[in-house]
Every structure is written in C-alpha cells, then in structure tokens.
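Each remark here refers to the structure printed beneath this line.
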Amino acid sequence: MPNVLLLGGTTEASALARLLADRGVRATLSYAGRTEKPRAQPIPVRVGGFGGADGLARFLRDAQVTHLVDATHPFAATMSANAVAAARAADVPLIALTRPAWTPVAGDRWTHVPDIPGAVAALAGRPQRILLALGRMHVEAFAAAPQHHYVLRFVDAAAVPPALPDHHLIVERGPFTPEGDRTLLATHGIERVVCKNAGGTGAEAKLVAARALGIPVLMIDRPALPARVEVTDPHAVLAWLDHAAPSAKRGV
Ligand code: 3Y8
Ligand code: NAP
214 MPNVLLLGGT
224 TEASALARLL
234 ADRGVRATLS
244 YAGRTEKPRA
254 QPIPVRVGGF
264 GGADGLARFL
274 RDAQVTHLVD
284 ATHPFAATMS
294 ANAVAAARAA
304 DVPLIALTRP
314 AWTPVAGDRW
324 THVPDIPGAV
334 AALAGRPQRI
344 LLALGRMHVE
354 AFAAAPQHHY
364 VLRFVDAAAV
374 PPALPDHHLI
384 VERGPFTPEG
394 DRTLLATHGI
404 ERVVCKNAGG
414 TGAEAKLVAA
424 RALGIPVLMI
434 DRPALPARVE
444 VTDPHAVLAW
454 LDHAAPSAKR
464 GV
C-alpha cells in the first residue's frame with residue numbers, strides 16, 4: 214500500500230492532491246507554513262519544516278513513506294535539494310511535479326536576469342513605477358533601489374511595513390486573471406513588471422496583461438536544481454506511483 218508524502222504549495226500540488234484523494238491513495242500534503250491560511254486540501258496536511266535534509270530523511274523513515282513527490286515551486290530550491298538528498302538517504306523513490314518555464318511570445322518585452330540581486334542591479338537608473346510581483350520574502354533586497362514607486366502583492370498582510378520608502382501594498386492571493394492584472398497595471402501606471410519564471414497558470418496573468426499593454430518585464434530565471442525525475446502532468450505521477458517500486462527494506 215503506497216504512503217505518499219507530497220511537498221506542496223503550488224497549483225499542481227493541489228491538483229495532484231485531488232487526484233490522490235479521488236483514488237483513495239494514502240497521502241499527506243506538506244506546507245512550509247509560509248501563509249496564514251493555506252488552501253484546504255482533500256488529503257491530510259502537515260505544516261512546518263522538517264529540519265533540513267536529515268530531518269526529512271528521518272520523517273520519511275518514521276512515517277514509513279513509500280513515495281516522495283516534490284511538487285514545490287521552481288524557486289523552492291532548498292526544499293527540492295533536501296528532497297533529493299533525503300530520498301536517497303532513506304531509499305524512497307522521488308519524483309518532481311513541476312511546470313515548464315515560461316518562454317516569451319510575440320509582443321513580450323522580456324529582459325532576463327539570473328537571480329534577485331541581478332533584478333536589483335537591473336533597476337539602477339531613473340525612477341519608475343514597478344510591479345514587484347515576487348511576494349514578501351525578497352522585498353528587502355529592493356531597498357537598494359529606493360528611487361522607484363513599487364506596487365507589491367503579498368498573500369498575507371505584512372506584520373512590519375516593507376522597507377521600501379515609496380510603495381503600495383496589495384494583499385491578495387492568486388491565482389490571478391489577465392483582466393484583473395491588466396486593471397492593476399493600468400490603474401497603477403506600471404512601467405515595468407519584475408517577476409520570477411514560476412511557470413504554470415496561477416502567476417501567468419501579469420505576463421498576459423503586460424504583453425497586451427506593451428509593458429517590459431524583468432524575468433528572473435530559475436535557480437539550478439539537482440537532477441531528479443521530473444514530470445509536468447499530475448496524471449504522470451499516478452502512473453509513476455503504479456510502477457515505482459517502493460523501498461524493499463520497507464517490506465511494503
Ligand atoms: C504557502 C499556499 C494552490 C497554490 C496556489 C502557483 C500559483 C497562486 C501565484 C504574483 C505572484 C509568488 C507567491 C505566488 C503564486 C499560486 C499558488 C502561487 C506568486 C501560496 C501558498 C503558499 C505560498 C507561499 C508564497 C511565497 C511567495 C509565493 C506569493 C496557500 C498561496 C510571489 C511566487 O508571504 C509569504 O511569505 C509568501 C511566500 C513563497 C514568494 C515569496 O518569495 O514571497 N508563494 N503561496 C506554501 C507553504 O507554506 O508551503 O496559502 O494556499 C500558493 C500559491 N501561490 O494550491 O492553489 O502554483 O504558483 N505565490 C511567484 O510565482 O513568484 C504571486 O503576485 O503575481
Ligand atoms: P525553500 O526556500 O526552498 O525552503 C526553505 C525551507 O522551508 C526548507 O528547507 C524547509 O525547511 C521548508 N519548506 C519549504 N517548502 C516546504 C514544504 N512544502 N513542506 C515543509 N517544509 C517546507 O522554500 P520556499 O521558496 O520558502 O517555499 C516555501 C513554500 O512555498 C513551498 O511549499 C513552495 O512550494 C511554496 N511556494 C514558494 C514560492 C516561491 O516563490 N519560492 C512560490 C509559490 C509557492 P526544513 O529545512 O526545516 O525542512
């Protein structure tokens with residue numbers, strides 16, 4: 214009998230949780246606990262870190278997990294690296310459920326930067342009105358480019374106001390719509406969008422809206438991740454569960 218641990222926090226993870234529940238597969242979805250009220254799930258949920266790769270390996274053994282699915286965000290690089298190391302240490306099969314990176318299409322005005330510091334450096338120059346669609350965790354880095362007016366979008370209200378002298382904070386969780394994001398860009402007179410190459414559909418709306426309005430985008434490329442089996446369709450994970458041999462040691 215499978216006993217799946219699903220590292221979640223994305224649209225794809227939630228879609229897979231629904232499929233696992235519908236098939237009656239024993240599974241637990243794991244959140245880091247970054248948000249106050251994470252989306253309810255149709256399978257049991259656990260919240261909080263594991264204590265590094267060693268902590269996750271211990272969890273896999275103690276909970277007798279038979280399959281590990283890493284469906285975290287492409288920028289959750291530490292979690293994904295820990296998942297590879299822990300799965301190997303605990304001899305548990307691992308698969309990653311991710312989404313293809315976005316690629317520019319006609320009308321897109323993208324500039325690629327390798328990481329958050331690269332995005333900050335690219336914002337040197339005259340003051341602009343910027344949609345900083347990165348969430349809350351990396352906002353402080355942009356205090357090094359204080360000349361801009363920043364429109365920020367967080368999932369939860371900020372306990373401490375962001376350290377950006379000229380900002381407007383919107384508290385809203387995705388997924389977002391092209392119409393809603395077009396209104397956001399137009400209402401705030403946005404001249405540039407800064408975002409991560411998250412891929413998927415839940416964060417794509419701002420790109421569709423920027424394209425329609427001819428607004429340039431500063432696209433932060435994904436961090437490198439260790440090699441692992443990757444799929445982009447939740448149904449491919451179900452097929453993998455049917456064929457991936459759980460650890461023989463576990464006697465399952
Ligand atoms: C806690 C779980 C689902 C998953 C929905 C997806 C889509 C909506 C769009 C913008 C971009 C951003 C941010 C974003 C999106 C989905 C997905 C996605 C981007 C929740 C969630 C958790 C988080 C964590 C949060 C981060 C932040 C990033 C906001 C739940 C809602 C910017 C990523 O306040 C904080 O500390 C927030 C931190 C990590 C990035 C950051 O650096 O701030 N996501 N987002 C997960 C956990 O605890 O393990 O609350 O329900 C999930 C979703 N957010 O099931 O429907 O699939 O990506 N999330 C980015 O893409 O750049 C918003 O504003 O345009
Ligand atoms: P991260 O930087 O890669 O991970 C930092 C630490 O957070 C991990 O080492 C782990 O702590 C804990 N952690 C991360 N994801 C976890 C999970 N699903 N379950 C349990 N612990 C987890 O991760 P992050 O970028 O902060 O992402 C945190 C969560 O938000 C993930 O669920 C991710 O899918 C979601 N998310 C992130 C982004 C983003 O832009 N980064 C966007 C959308 C959703 P320990 O070392 O103690 O185990």
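If you're matching positions, the sequence shown starts at 214 in the working numbering and goes up one per residue. Backbone N, C-alpha and C define an ideal beta-carbon position, used for all residues, glycine too.
Measuring straight from C-alpha to C-alpha, what distance separates residue i and residue j?
i             : j              : result
glycine 412   : histidine 325  : 14 Å
proline 257   : valine 368     : 22 Å
glycine 264   : alanine 296    : 12 Å
alanine 457   : histidine 280  : 8 Å
alanine 334   : alanine 358    : 8 Å
histidine 401 : valine 364     : 8 Å
arginine 239  : alanine 354    : 41 Å
alanine 228   : threonine 414  : 12 Å
alanine 452   : valine 260     : 27 Å
alanine 226   : aspartate 321  : 28 Å
alanine 303   : cysteine 408   : 36 Å
glutamate 443 : valine 282     : 10 Å
valine 217    : threonine 390  : 32 Å
aspartate 446 : alanine 284    : 11 Å
alanine 298   : methionine 292 : 10 Å
Can you determine whether any heavy atom of the ligand 3Y8 sits closer than 7 Å to the C-beta of residue i, and answer yes or no?
i              : result
methionine 214 : no
serine 293     : no
proline 388    : yes
aspartate 267  : no
valine 355     : First, the residue type needs correcting, since residue 355 is phenylalanine and not valine in the sequence shown. No, the ligand 3Y8 has no heavy atom inside 7 Å of this Cβ.
alanine 471    : Because the chain in this structure spans residues 214 to 465, residue 471 falls outside the shown range and cannot be described.
Is it buried or exposed, residue i, if we count other Cβ atoms within 10 angstroms and call 16 or more buried?
i              : result
alanine 437    : exposed
isoleucine 383 : exposed
aspartate 275  : exposed
histidine 448  : exposed
glycine 427    : exposed
valine 465     : Confidence at valine 465 is low in this model, with a pLDDT of 46, below 50, so the placement of that residue is unreliable and no value is reported for it.
methionine 214 : exposed
glutamine 254  : buried
glutamate 417  : buried
arginine 236   : exposed
arginine 405   : buried
leucine 398    : buried
glycine 222    : buried
alanine 230    : buried
threonine 316  : exposed
Return yes when at least one heavy atom of the ligand NAP lies under 7 Å from the C-beta of residue i, else no.
i              : result
serine 243     : yes
arginine 252   : no
lysine 419     : no
arginine 247   : yes
methionine 350 : yes
histidine 286  : yes
glycine 222    : yes
Residues bridged to residue i by DSSP?
i                 : result
phenylalanine 355 : Paired residue(s): none; phenylalanine 355 is not in a bridge.
serine 243        : Leu220 and Arg259
valine 282        : Leu219 and Ile308
tryptophan 323    : Val430
glutamate 443     : Ala309
phenylalanine 367 : Val384
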